[in-house]
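Data first, discussion second: the structure below is written as structure tokens.
Number of protein chains: 2
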Amino acid sequence: MQVGLVAHKFMGNKEKTIQKTLDLIEKVAKNGAQLVILQELHQNYYFCQNESVECFDLANSWEDDKVFWGKVAKKFGIVLVTSLFEKRTAGLYHNTAVVFEKDGKIVGIYRKMHIPDDPQFYEKFYFTPGDLGFEPIDTSVGRLGVLVCWDQWYPEAARLMALKGAEILIYPTAIGWFDGDEKDEKSRQLEAWVAVQRGHSVANGIPVIAVNRIGFEPQNISEFEKCKKTKNPKENGIRFWGNSFVFGSQGEQIFRANDTDELAQVVTIDMQRCENVRRWWPFLRDRRIEAYENLTKRFID
Amino acid sequence: MQVGLVAHKFMGNKEKTIQKTLDLIEKVAKNGAQLVILQELHQNYYFCQNESVECFDLANSWEDDKVFWGKVAKKFGIVLVTSLFEKRTAGLYHNTAVVFEKDGKIVGIYRKMHIPDDPQFYEKFYFTPGDLGFEPIDTSVGRLGVLVCWDQWYPEAARLMALKGAEILIYPTAIGWFDGDEKDEKSRQLEAWVAVQRGHSVANGIPVIAVNRIGFEPQNISEFEKCKKTKNPKENGIRFWGNSFVFGSQGEQIFRANDTDELAQVVTIDMQRCENVRRWWPFLRDRRIEAYENLTKRFID
Chain A
7 MQVGLVAHKF MGNKEKTIQK TLDLIEKVAK NGAQLVILQE LHQNYYFCQN
57 ESVECFDLAN SWEDDKVFWG KVAKKFGIVL VTSLFEKRTA GLYHNTAVVF
107 EKDGKIVGIY RKMHIPDDPQ FYEKFYFTPG DLGFEPIDTS VGRLGVLVCW
157 DQWYPEAARL MALKGAEILI YPTAIGWFDG DEKDEKSRQL EAWVAVQRGH
207 SVANGIPVIA VNRIGFEPQN ISEFEKCKKT KNPKENGIRF WGNSFVFGSQ
257 GEQIFRANDT DELAQVVTID MQRCENVRRW WPFLRDRRIE AYENLTKRFI
307 D
Chain B
7 MQVGLVAHKF MGNKEKTIQK TLDLIEKVAK NGAQLVILQE LHQNYYFCQN
57 ESVECFDLAN SWEDDKVFWG KVAKKFGIVL VTSLFEKRTA GLYHNTAVVF
107 EKDGKIVGIY RKMHIPDDPQ FYEKFYFTPG DLGFEPIDTS VGRLGVLVCW
157 DQWYPEAARL MALKGAEILI YPTAIGWFDG DEKDEKSRQL EAWVAVQRGH
207 SVANGIPVIA VNRIGFEPQN ISEFEKCKKT KNPKENGIRF WGNSFVFGSQ
257 GEQIFRANDT DELAQVVTID MQRCENVRRW WPFLRDRRIE AYENLTKRFI
307 D
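The listed protein sequences correspond, in order, to chains A and B.
Counting with this note's numbering, you get residues 7 to 307 for the letters of the first sequence.
Counting with this note's numbering, you get residues 7 to 307 for the letters of the second sequence.
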């Protein structure tokens, strides 16, 4: 399968940001992408750096957004994995991946199940944890195990998708560094993020894709244009670390991006390889399910 | 904590092999090791390359072996993680890690829960899957999450140990290459093995140690001395790939061995780091336990 990975910086406002996304989707579609994956909350800046009730306005376009991205999927004839801000009703919002078929129809949604809450990643303020569980989405290019960002740290999420027949794991992501951290610490964070997801690939014998945001976004987004003009802005903010990647069914690295450049990459994934890898390493055969019930406990005191 | 990793080739018979192990334990103990970890089934050759009822004789010394290694732990004043062939009764055997305190007393055993069965790794013939579950072992150097080899591919095992308060994961291991495989395939296998365990470290915020066998052992062990004389023996066999490693609580690499040299390495592990790492990345806080019950299913059809 040909997969298109699309990621780029926030462009200053929603219109410009979406236009850039469309340009890059067109590029990967022309290069043969059948499935295209976008970064987390790709329509705008990463608003979760602050707790601000005004930001709920960003979800007001939820119904229109779904119509819009359906048209994009149809126009380019691609299966499209988007990451949108869902307004379910007043005061009830989700961080939701919406998956569109080549004909533009929605084939499934996934509401982010694990919600982080760190300084400048105040997602618990915005997003109610998903209530749809870990359900793969069937598409014309395969059964997609779509998860979102923080989910990527949880082996349980990956395993549950695999046990429901997901053929690939997909993580739209928004993760980055604080400029004030030491270089070593930044390296440990990035490599840990790669390592845990590579582990999901190995443990489940399926490919894993993460598409992460890129570029610096100040906590005070009104300072964005000013920050753009300097390489080392003094503002508080997140430097999204890019490094989008693809690992194959045996955990082998197929692609890894750098931490700065916009991404419009088509990657070939051998979807038949899972069958061979799982025959060689039949981990699913030997799970001790009768000894796993404590996995549903918070902790065992 | 100072941890001693000890691994070496099979030395031709049990006596010589144990003597080599003792020499290396002495070395790491003198260099300050408080906890020493040995490779899987370290007393002898890896007999699971064949299904042979005669090999059950190797478990006849089980009671004596426990006494012997207890004396070793006491002599050197170390907590010692051994990997022995347990004879529980006639026709009932386990692949069992026995952990000794500094005073030589047994503080706990772990019976390998996940049992592999591949060509030349015929462990299901020899070992009944463990019936003690995933229980950490309390020692004077900390609560040890001792698992064995094939367990290392299972995120469930690592998580359950962490949920019971294990402060470190430890995997005595016997894994290697077949010489006939391509170089690329060998590399994928080795890196997958490292990656999945590194993932456990990240997902659980605790250090992970694997100590793996080294060297070529022919399937027909009577050919061992002949094979020793040539660099590229034509015999069927397993080339144990070494590469013993230590990852810290954030998945950072602290130590990694090569694939050939005997190992008597003391590694310093910061056991307090877990506390910090888990405060920064509080994965345990956000587990969706109410959505995990399917982890106890074989597959969800």
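C-beta atoms are modelled at their ideal positions from N, C-alpha and C, and glycine is treated no differently.
Please confirm whether K111 (chain A) and G83 (chain A) have their CB atoms less than 8 Å apart.
Counting from 1 along the first sequence, the entry for residue 111 (chain A) is found at position 105. Counting from 1 along the first sequence, the entry for residue 83 (chain A) is found at position 77. No. Outside cutoff.
Taking Cβ to Cβ, would you say G211 (chain B) is nearer than 8 Å to R294 (chain B)?
Translated into positions along the second sequence, residue 211 (chain B) becomes position 205. Translated into positions along the second sequence, residue 294 (chain B) becomes position 288. No, Cβ-Cβ distance for G211 (chain B) and R294 (chain B) is not below 8 Å.
Is it buried or exposed, I31 (chain B), if we count other Cβ atoms within 10 angstroms and call 16 or more buried?
As a first step, residue 31 (chain B) must be located in the second sequence, where it is residue number 25. Answer is buried; the Cβ neighbour count reaches 16.
Could you check where the beta strand (DSSP E) with R149 (chain B) kicks off and where it finishes?
As a first step, residue 149 (chain B) must be located in the second sequence, where it is residue number 143. Looking at the DSSP string, the run of the beta strand (DSSP E) that includes R149 (chain B) is 148-152.
If the cut is a Cβ gap below 7 Å, which residues of chain B does Q256 (chain A) touch?
Residue numbering aside, residue 256 (chain A) sits at position 250 when the first sequence is read from its first letter. Per Cβ cutoff of 7 Å: R194, A198.
Does T134 (chain A) come within less than 8 Å of chain B when only Cβ atoms are used?
Counting from one through the first sequence, the residue named residue 134 (chain A) turns up at place 128. No, T134 (chain A) does not count as interfacial toward chain B.
Do you know whose CA, among B:T27, B:I275, B:S89, B:M167, lies nearest H206 (chain B)'s CA?
For the purposes of this step, residue 206 (chain B) is taken as residue 200 along the second sequence, with counting starting at 1. Out of B:T27, B:I275, B:S89, B:M167, B:M167 has the C-alpha closest to the C-alpha of H206 (chain B).
State the DSSP-derived secondary structure class of T236 (chain A), mapped to helix, strand or coil.
To locate residue 236 (chain A), count along the first sequence from 1; it is residue 230. In the structure shown, T236 (chain A) sits in coil (DSSP, three-state: anything other than H, G, I, E or B).
With 8 Å as the C-beta to C-beta threshold (strictly closer), list the residues of the region 218-239 of chain B near chain A in chain order.
none
Which of the three DSSP states is assigned to F289 (chain A) in this structure?
Numbered from 1 along the first sequence, position 283 holds the residue referred to as residue 289 (chain A). F289 (chain A) falls in the helix class under three-state DSSP.
Pull up the CB-CB distance for Y177 (chain A) and Q203 (chain A), whole angstroms please, since I reckon it's below 8 Å.
Here the question's residue 177 (chain A) lines up with position 171 in the first sequence. Here the question's residue 203 (chain A) lines up with position 197 in the first sequence. Indeed, because the Cβ distance is near 7 Å, the residues count as touching under 8 Å.
Tell me which residue opens and which closes the beta strand (DSSP E) that T95 (chain B) is part of.
Reading the second sequence from its first residue, position 89 is the one you call residue 95 (chain B). Run containing T95 (chain B): 85-95, per the beta strand (DSSP E) assignment.
So, helix, strand or coil for L44 (chain A), using DSSP?
Here residue 44 (chain A) corresponds to residue number 38 of the first sequence, with the count starting at 1. Strand, per DSSP.
Can you grab the Cα-Cα spacing for the pair A209 (chain B) / Q8 (chain A), in whole Å?
In the second sequence, residue 209 (chain B) corresponds to position 203, counting from 1. In the first sequence, residue 8 (chain A) corresponds to position 2, counting from 1. Going from the Cα of A209 (chain B) to the Cα of Q8 (chain A) covers about 30 Å.
Taking C-beta to C-beta, are D136 (chain A) and K118 (chain A) nearer than 8 Å?
Sequence index remark: in the first sequence, residue 136 (chain A) carries index 130 (1-based). Sequence index remark: in the first sequence, residue 118 (chain A) carries index 112 (1-based). The amino acid at residue 136 (chain A) is misidentified as Asp; the sequence shows Gly. Yes, they are a contact pair.
Opposite N101 (chain B) in the DSSP bridges: which residues?
Your numbering for residue 101 (chain B) matches position 95 in the second sequence. Partner(s): B:F91.
Provide the residue span of the beta strand (DSSP E) that contains L253 (chain B), from first to last.
Along the second sequence, one-based indexing puts residue 253 (chain B) at 247. It is worth fixing the name first, because residue 253 (chain B) is Phe in this sequence and not Leu. 251-253 is the span of the beta strand (DSSP E), which, as asked, contains F253 (chain B).
Does the beta carbon of M119 (chain B) sit closer than 8 Å to a beta carbon anywhere in chain A?
In the second sequence, the residue the question calls residue 119 (chain B) occupies position 113. With 8 Å as the cut-off, M119 (chain B) counts as an interface residue toward chain A.
Short check: CB of F142 (chain A) to CB of A172 (chain A), under 8 Å?
Residue mapping note: residue 142 (chain A) aligns to position 136 of the first sequence, counting from 1. Residue mapping note: residue 172 (chain A) aligns to position 166 of the first sequence, counting from 1. Checking the sequence, you will find Pro at residue 142 (chain A) rather than Phe. Here P142 (chain A) is near A172 (chain A), since their CB atoms are less than 8 Å apart.
So, for W156 (chain A): in the same chain, excluding its five sequence neighbours on each side, which residues have a beta-carbon less than 8 Å away from its beta-carbon?
Looking up residue 156 (chain A) in the first sequence gives position 150. Contacts found: K118, H120, I121, P122, E129.
Could you tell me whether any Cβ in chain A is nearer than 8 Å to the Cβ of P213 (chain B)?
The residue given as residue 213 (chain B) occupies position 207 in the second sequence. No, its Cβ sits nowhere closer than 8 Å to a Cβ of chain A.
Count the other C-beta atoms from every protein chain shown that fall within 10 angstroms of the C-beta of L175 (chain A), then say buried if there are 16 or more, exposed otherwise.
Residue mapping note: residue 175 (chain A) aligns to position 169 of the first sequence, counting from 1. Counting Cβ neighbours within 10 Å, L175 (chain A) comes out buried, since at least 16 surround it.
Could you tell me which of B:C280, B:Y298, B:L269 sits nearest to K303 (chain A), measuring between CA atoms?
Counting from one through the first sequence, the residue named residue 303 (chain A) turns up at place 297. The shortest C-alpha separation from K303 (chain A) is found at B:Y298.
Could you say which of B:S255, B:F289, B:V272 lies nearest to C280 (chain B) if we only look at CA atoms?
Translated into positions along the second sequence, residue 280 (chain B) becomes position 274. Scanning B:S255, B:F289, B:V272 for the CA closest to the CA of C280 (chain B) turns up B:S255.
Apply the 10 Å Cβ neighbour rule to N218 (chain B) and answer buried if 16 or more other Cβ atoms are within range, or exposed otherwise.
Indexing the second sequence from 1 puts residue 218 (chain B) at position 212. That one is buried.
Compile a chain-ordered list of the residues in the region 76-106 of chain B whose CB is closer than 9 Å to at least one CB of chain A.
Taking 9 Å as the Cβ-Cβ cut-off against chain A, none of the residues of the region 76-106 of chain B qualify.
Give the single residue among B:S67, B:C61, B:E69, B:W75 whose Cα lies nearest to the Cα of I43 (chain B).
Residue mapping note: residue 43 (chain B) aligns to position 37 of the second sequence, counting from 1. Ranking B:S67, B:C61, B:E69, B:W75 by Cα distance to I43 (chain B) puts B:W75 first.
For a cutoff of 8 Å on Cβ pairs, would you count I260 (chain B) as touching chain A?
The residue you call residue 260 (chain B) lines up with position 254 of the second sequence. Not an interface residue.
With a CB to CB cut of under 6 Å and the five nearest residues on each side skipped, what residues in its chain are close to R262 (chain B)?
Reading the second sequence from its first residue, position 256 is the one you call residue 262 (chain B). Taken in chain order, the residues that qualify are F251.
Can we say the region 82-97 of chain B touches the region 185-194 of chain B, given the rule of at least three CB pairs closer than 8 Å?
no
Among A:N264, A:I220, A:I227, whose alpha-carbon lies nearest the alpha-carbon of R245 (chain A)?
The count along the first sequence starts at 1 and reaches residue 245 (chain A) at position 239. Cα-wise, what sits closest to R245 (chain A) is A:I220.
Measure how close the beta-carbons of Q271 (chain B) and L41 (chain B) come, nearest whole angstrom, since I'm counting them as under 8 Å.
Here residue 271 (chain B) corresponds to residue number 265 of the second sequence, with the count starting at 1. Here residue 41 (chain B) corresponds to residue number 35 of the second sequence, with the count starting at 1. Not a contact, Cβ separation roughly 13 Å.
Report the neighbours of A209 (chain A) on chain B: residues whose CB is nearer than 8 Å to its CB, in chain order.
Counting from 1 along the first sequence, the entry for residue 209 (chain A) is found at position 203. Neighbours of A209 (chain A) in chain B, taken as residues whose beta carbon is under 8 Å from its own, are W159, Y160, P161, V202, G205 in chain order.
For G76 (chain B), does the three-state DSSP call read helix, strand or coil?
Stepping through the second sequence from its first residue, residue 76 (chain B) is reached at position 70. Looking at G76 (chain B) - three-state DSSP - the assignment turns out to be helix.
Along chain E, in chain order, which residues have C-beta atoms closer than 8 Å to that of Y298 (chain A)?
Note that chain E does not occur in the displayed structure, where the protein chains are A and B.
V105 (chain A) to G248 (chain A), Cα distance in whole Å?
Within the first sequence, residue 105 (chain A) is the residue found at index 99, counting from 1. Within the first sequence, residue 248 (chain A) is the residue found at index 242, counting from 1. Roughly 22 Å between the two C-alpha positions.
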